[in-house]
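Colleague: Numbering (the numbering used here), first residue to last: 6 to 164.
Handing you a structure now.
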């Protein structure tokens, strides 16, 4: 089948004529390729611009720079939002710890008052635990104050 197709194209050519036609075909392909690469086909009205012109490269560079800047702005905005959310979570965690310690202190003081009201002397362990809790609470409050001083942008949030 390929032989029949080849015979249709080349017909009754002699081997020298086939060689000439082959050389002519490849030279034609080379000339068309060079014309395309240089952009000469676009001058003939064909929509084949060839290689990029310097102005095309500059335009692509400007477009990419604009897109990169836009992406950078979005990333910076997201980083800022994430950072703020993390700082708010840290604040919430410290405030929650202060409330937990206050509740525990309240519970121990109430228990000690109950024992005193019943005429019993509270164990030394209650006093030590109360002292430890008050110390922990003061440390957490100091950390919270320092944190809020360092992060004034979240000072008014959450309450």
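Just so you know, even glycine gets a beta-carbon here, dropped at the ideal spot from N, CA and C.
All values reported here derive from a predicted model rather than from experimental measurement.
Does DSSP classify residue 156 as helix, strand or coil?
Modeller: Position 151 of the chain shown holds residue 156. Looking at residue 156 - three-state DSSP - the assignment turns out to be coil, as it is neither helix nor strand.
Colleague: CB residue 56 to CB residue 42, shorter than 7 Å?
Modeller: If you number the chain shown from 1, residue 56 lands on position 51. If you number the chain shown from 1, residue 42 lands on position 37. The answer is yes: Cβ separation under 7 Å.
Colleague: How long is the line joining the alpha carbons of residue 32 and residue 8, rounded to whole angstroms?
Modeller: By 1-based counting over the chain shown, the position of residue 32 is 27. By 1-based counting over the chain shown, the position of residue 8 is 3. Roughly 24 Å separates the two Cα atoms.
Colleague: Is the beta carbon of residue 102 closer than 7 Å to that of residue 65?
Modeller: Locating residue 65 in the chain shown gives position 60, where the first residue counts as 1. Locating residue 102 in the chain shown gives position 97, where the first residue counts as 1. Cβ atoms of residue 65 and residue 102: not closer than 7 Å.
Colleague: Roughly how many whole angstroms lie between the Cα atoms of residue 93 and residue 69?
Modeller: In the chain shown, counting from the first residue as 1, residue 93 sits at position 88. In the chain shown, counting from the first residue as 1, residue 69 sits at position 64. When rounded, the distance between both Cα atoms is 36 Å.
Colleague: Below 8 Å on the Cβ atoms is my guess for residue 113 versus residue 149; work out the distance and round it to an integer in Å.
Modeller: As a first step, residue 113 must be located in the chain shown, where it is residue number 108. As a first step, residue 149 must be located in the chain shown, where it is residue number 144. About 22 Å separates the two Cβ atoms, so there is no contact after all.
Colleague: If we call anything under 7 Å between Cβ atoms a contact, is residue 142 one with residue 106?
Modeller: Counting from one through the chain shown, the residue named residue 142 turns up at place 137. Counting from one through the chain shown, the residue named residue 106 turns up at place 101. Yes. Within cutoff.
Colleague: From which residue to which residue does the alpha helix (DSSP H) around residue 20 run?
Modeller: Here residue 20 refers to the residue found at position 15 of the chain shown. Where residue 20 is concerned, the enclosing alpha helix (DSSP H) stretches over 20-43.
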